[in-house]
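Participant: Right, I'll just put the structure down here and ask away after.
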Amino acid sequence: MRTSPTRATGRKLISAAAVSAALVAAATTSVAFAQEPAAPATAPEAAAQAVAVPAERLIVGYKAGAAEARSNQAADADAVAKGKEAGESLDFQRRLGTGAALVDLGEQLSKADVADVIAEYQADPQVAYVVPDRLNKPQADPNDTEYSKQWDLFETTAGMRVPDAWTTATGTGVTVAVIDTGYVTHSDLAANIVAGYDFISDTAVSVDGNGRDSNPADPGDWYATDECGTGTGSSNSSWHGTHVAGTIAAATNNSKGVAGIAYNAKISPLRVLGKCGGYDSDIIDAITWASGGTVSGVPANANVAKVINMSLGGSGACTTATQTAITNAVGRGTTVVVAAGNSNANAANYSPASCSNVISVAALSRTGAKASYSNYGSTVDIAAPGGQTSTGTANGILSTLNSGTQGPSTESYAYYQGTSMAAPHIAGLAALMKSANSSLTPAQIESAIKTNSRALPGACSGGCGAGLADATKTVQAVSGTTTGTTFSSTTAVSIPDNSSAVESSIAVSGRTGNAPSALQVGVDITHTYRGDLVITLVAPDGTTYPLKASSTSDSADNVSATYTVDASSEVANGTWKLRVQDVAASDTGTINSWKLTF
Numbered sequence: 029m030r031t032s033p034t035r036a037t038g039r040k041l042i043s044a045a046a047v048s049a050a051l052v053a054a055a056t057t058s059v060a061f062a063q064e065p066a067a068p069a070t071a072p073e074a075a076a077q078a079v080a081v082p083a084e085r086l087i088v089g090y091k092a093g094a095a096e097a098r099s100n101q102a103a104d105a106d107a108v109a110k111g112k113e114a115g116e117s118l119d120f121q122r123r124l125g126t127g128a129a130l131v132d133l134g135e136q137l138s139k140a141d142v143a144d145v146i147a148e149y150q151a152d153p154q155v156a157y158v159v160p161d162r163l164n165k166p167q168a169d170p171n172d173t174e175y176s177k178q179w180d181l182f183e184t185t186a187g188m189r190v191p192d193a194w195t196t197a198t199g200t201g202v203t204v205a206v207i208d209t210g211y212v213t214h215s216d217l218a219a220n221i222v223a224g225y226d227f228i229s230d231t232a233v234s235v236d237g238n239g240r241d242s243n244p245a246d247p248g249d250w251y252a253t254d255e256c257g258t259g260t261g262s263s264n265s266s267w268h269g270t271h272v273a274g275t276i277a278a279a280t281n282n283s284k285g286v287a288g289i290a291y292n293a294k295i296s297p298l299r300v301l302g303k304c305g306g307y308d309s310d311i312i313d314a315i316t317w318a319s320g321g322t323v324s325g326v327p328a329n330a331n332v333a334k335v336i337n338m339s340l341g342g343s344g345a346c347t348t349a350t351q352t353a354i355t356n357a358v359g360r361g362t363t364v365v366v367a368a369g370n371s372n373a374n375a376a377n378y379s380p381a382s383c384s385n386v387i388s389v390a391a392l393s394r395t396g397a398k399a400s401y402s403n404y405g406s407t408v409d410i411a412a413p414g415g416q417t418s419t420g421t422a423n424g425i426l427s428t429l430n431s432g433t434q435g436p437s438t439e440s441y442a443y444y445q446g447t448s449m450a451a452p453h454i455a456g457l458a459a460l461m462k463s464a465n466s467s468l469t470p471a472q473i474e475s476a477i478k479t480n481s482r483a484l485p486g487a488c489s490g491g492c493g494a495g496l497a498d499a500t501k502t503v504q505a506v507s508g509t510t511t512g513t514t515f516s517s518t519t520a521v522s523i524p525d526n527s528s529a530v531e532s533s534i535a536v537s538g539r540t541g542n543a544p545s546a547l548q549v550g551v552d553i554t555h556t557y558r559g560d561l562v563i564t565l566v567a568p569d570g571t572t573y574p575l576k577a578s579s580t581s582d583s584a585d586n587v588s589a590t591y592t593v594d595a596s597s598e599v600a601n602g603t604w605k606l607r608v609q610d611v612a613a614s615d616t617g618t619i620n621s622w623k624l625t626f
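Structure below.
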């Protein structure tokens with residue numbers, strides 16, 4: 029006897045209660061978590077402007093009578109002197125065509141450090157002006173005509189801060205498998221579509237007249253009244269997989285439509301959902317094949333995905349069968365992102381939302397609160413924009429679609445809402461991260477997304493994971509380009525000769541969640557024999573992280589270095605300590621300053 033298959037987590041604009049009822053009716057299957065298309069919208073092209081990032085150099089203009097205005101040697105000496113006054117190491121670089129001096133600030137400094145250096149120059153009556161040497165980049169905002177309506181990408185309150193992440197990564201080199209309803213041709217997606225597969229084996233579900241084959245085209249998933257079970261009503265075709273794919277990787281800067289989060293990534297559409305849903309068995313094979321595993325009767329995958337998006341689910345906890353497929357995929361290096369579900373219930377009672385080794389995503393409204401329909405609970409890892417169209421169509425998630433009510437018709441754009449829409453935001457972010465740093469493991473990707481999230485702007489009763497995902501902060505953190513938030517100590521601490529360790533403390537507050545996997549520890553120590561020193565970072569809970577061991581061959585007088593520590597298991601807030609010990613006789617020194625950059 030055939031059971032009702034699973035559907036996507038984002039179909040029609042039906043009530044959360046109706047979605048819940050549909051999921052309960054499909055107890056052994058998966059359901060698409062999305063909502064009904066609304067009319068396409070138009071918007072003016074977004075304006076472009078330059079983006080500046082914090083400077084690592086200063087431009088200093090001296091007054092005409094100053095020696096530093098004529099002599100490079102004098103300008104260099106002035107930079108060194110002012111650096112000593114500010115406790116930093118400055119270096120004259122060159123003379124600009126205007127006669128101004130370009131001064132390097134050495135290692136990356138905090139805003140407070142830079143302010144101290146600038147103050148030294150400003151206090152000098154021979155200095156006419158001092159300004160940061162700003163790094164200008166092209167404005168990341170794309171020219172896609174509907175971009176201004178994609179609040180989920182850029183709005184301050186509940187947007188995911190995607191545009192500034194594009195200055196670091198755009199998804200190049202990463203394939204994302206969208207395990208869903210397949211793909212209906214759309215010109216705003218076509219350039220980023222690579223070969224996928226149709227994994228639907230039951231012809232009653234597939235609707236395309238055959239079983240499994242290499243064509244993942246979506247023929248439509250409409251159904252007549254109660255065709256999918258008593259009380260399920262009827263539905264037009266959702267084109268759900270195409271909407272999900274557009275959020276992840278719609279073509280961008282092509283003067284049309286919407287912008288994709290990882291717009292240079294590739295989408296491999298894998299069809300598992302058809303009329304009335306899709307079976308676990310087909311989804312398991314799709315997970316296996318997408319991640320590079322072998323599926324009997326299916327050719328080898330030439331487009332192995334480093335990220336899988338599953339905006340689908342059914343009631344009931346994760347089964348061993350599904351968990352095995354996910355665990356194996358993650359073991360092959362593929363990050364698996366899933367929708368939490370649309371039943372306003374505990375996600376622990378839904379699959380694959382409750383599976384281990386996945387990133388389970390709850391949906392937020394445009395206000396940053398949990399969307400009324402979104403599942404919640406301890407199995408949820410992170411929250412992302414999913415929309416809440418009960419407060420207006422424009423509060424949904426705009427993406428690529430088709431106007432056909434049954435079979436395909438003309439391409440279009442529409443607003444959907446659902447955890448189906450939230451999940452591809454995280455899949456797109458994972459693709460950006462993998463593009464920025466190809467060595468990242470699925471566990472590191474999940475950890476970084478959580479660690480670099482920000483507090484929810486609104487309420488989430490029951491739990492929405494670590495917070496609202498922050499694309500810019502996360503991508504910068506894993507790529508090593510972050511300027512981050514810096515906490516520092518400038519209180520000098522003497523290091524006694526061949527004695528017990530001394531410590532300097534920094535109190536960290538206002539952070540969300542754990543410390544990053546690439547915590548930057550900047551150390552400035554003066555010591556007459558650097559090799560004598562053992563340097564250790566001490567976390568708030570007392571866990572120690574060795575930074576430097578003693579050495580018999582290291583005689584450098586100054587210990588100025590930046591160490592990178594994986595502190596992702598540590599709560600960020602609290603008192604961190606730098607512990608320094610001189611372990612050999614005849615030398616002393618001072619901890620001048622140190623800092624933590626999150």
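If you're matching positions, the sequence shown starts at 29 in the working numbering and goes up one per residue.
No residue lacks a Cβ here, since even glycine has one placed at the ideal position from N, Cα and C.
All of these numbers come straight from a predicted model, not from anything done at the bench.
#1: Kindly identify the DSSP beta-bridge partner or partners of Ala411.
#2: Given this structure, state the Cα-to-Cα distance separating Ser578 from Gly602, to the nearest angstrom.
#3: Assign Ala645 to one of two classes, buried (16 or more other C-beta atoms within 10 Å of its C-beta) or exposed (fewer than that).
#4: Within 10 angstroms of its Cβ, does Ala380 collect 16 or more other Cβ (buried), or is it exposed?
#5: Quick check: the Cα distance between Ala458 and Val335, rounded to an integer number of angstroms?
#6: Would you grab the beta carbon distance between Ala451 and Val365 for me? Rounded to a whole angstrom, and I think it's under 8 Å.
#7: Please go through the same chain and pick out, in chain order, the residues whose beta-carbon is closer than 8 Å to the beta-carbon of Glu116, but skip the five residues on each side of it.
#8: Distance check for Ser448 and Pro65, CA to CA, integer angstroms please.
#9: Nearest CA to the CA of Gly550: which residue from Gly559, Ile563 and Gly541?
#10: Against chain B, does Ala92 count as a neighbour if the rule is that its beta carbon must be under 9 Å from one of theirs?
#11: Just how far apart, CA to CA, sit Gln434 and Val300?
#12: Spatial neighbours of Asp313 within its chain, please: C-beta separation below 6 Å, excluding the five flanking residues on both sides.
#13: Tell me which residues share the same chain as Asn377 and place their Cβ nearer than 8 Å to its Cβ, disregarding the 5 neighbours each side in the sequence.
#14: Can you tell which of Gly306, Ser296 and Leu340 has its C-alpha closest to the C-alpha of Ala223?
#15: DSSP puts Pro160 in a beta bridge; with which residues?
#16: Tell me which residues share the same chain as Thr556 and place their Cβ nearer than 7 Å to its Cβ, disregarding the 5 neighbours each side in the sequence.
#17: Taking 9 Å as the cut-off, decide whether the C-beta atoms of Ala595 and Ala612 are in contact.
#18: Thinking C-beta only, is Val530 closer than 9 Å to Ser517?
#19: Tell me Tyr175's beta-bridge partners as DSSP assigns them.
#20: Beta-carbon within less than 6 Å of Gly248's beta-carbon, same chain only, minus the 5 sequence neighbours each way: which residues are those?
#21: May I ask you to report which of helix, strand or coil DSSP gives Pro380?
#22: Which first and last residues belong to the beta strand (DSSP E) in which Val212 is found?
#23: Assign Pro191 to one of three DSSP states: helix, strand, or coil.
#24: Going by beta-carbon coordinates alone, are Ala496 and Ala412 separated by less than 9 Å?
#25: Quick check for students: name the residue ranges of the alpha helix (DSSP H) that lie wholly in the segment 260-341, counting only runs of 4 or more.
#26: On a Cα-Cα basis, can you pick out the residue from Asp569, Gly359, Glu255 and Gly491 that is closest to Asn385?
#27: Can you tell me whether Asn91 is helix, strand or coil according to DSSP?
#28: Looking only at its own chain, which residues have a Cβ that is under 6 Å from the Cβ of Ser393, when we skip the five neighbours before and after it?
#29: Report yes if the CB atom of Thr258 is closer than 9 Å to the CB atom of Ile311, and no otherwise.
#30: What are the boundary residues of the beta strand (DSSP E) that includes Pro574?
#31: Check Arg514 in the structure and name its three-state DSSP category.
#32: Between Ser339 and Ala373, which are expected to be in contact by the criterion C-beta below 8 Å, what is the C-beta distance as a whole number of angstroms?
#33: Any idea which residues DSSP pairs His650 with across the strands?
#34: Pick out whichever of Gly269, Ala353, Lys303 and Asp246 has its Cα sitting closest to the Cα of Asp254.
#35: According to the neighbour-count rule (16 or more other Cβ atoms, all chains shown, within 10 Å of its Cβ), is Gly538 buried or exposed?
#36: Between the alpha carbons of Pro153 and Val389, how many angstroms are there, rounded?
Facilitator: Looking at the atomic coordinates:
#1: Ala390 and Leu496
#2: 28 Å
#3: Residue 645 lies beyond the residue range present for the chain, which begins at 29 and ends at 626; the question has no answer from this structure.
#4: In the sequence as displayed, the identity of residue 380 is Pro instead of Ala. Burial call: buried.
#5: 7 Å
#6: 5 Å
#7: Leu133, Gly134, Leu137, Asp141, Asp144 and Val145
#8: Residue placement at Pro65 cannot be trusted, given a pLDDT of 35 that sits under 50; the coordinates are not used to answer.
#9: Ile563
#10: As a matter of chain content, chain B is missing from the structure shown, which is built from one protein chain.
#11: 18 Å
#12: Phe227 and Val323
#13: Ser343, Gly344 and Ala345
#14: Ser296
#15: Leu86
#16: Asp585, Asp615, Thr616 and Gly617
#17: no
#18: no
#19: Tyr175 is not bridged to any residue.
#20: Ser265, Gln434 and Gly435
#21: coil
#22: Note, Val212: premise wrong, no beta strand (DSSP E); not H, not E.
#23: helix
#24: According to the sequence shown, residue 496 is Leu rather than Ala. Yes. Within cutoff.
#25: 268-277 and 308-318
#26: Gly359
#27: It is Lys, not Asn, that sits at residue 91 in the sequence shown. Lys91 falls in the coil class under three-state DSSP.
#28: Ala399 and Gln416
#29: no
#30: Thr572 to Lys576
#31: Before going further, note that residue 514 is Thr rather than Arg in the sequence given. In the structure shown, Thr514 sits in a strand (DSSP, three-state: E or B).
#32: In fact, because the Cβ distance is near 17 Å, the residues do not count as touching under 8 Å.
#33: Nothing about residue 650 can be reported from this structure: the residues present for the chain run from 29 to 626 only.
#34: Lys303
#35: exposed
#36: 57 Å
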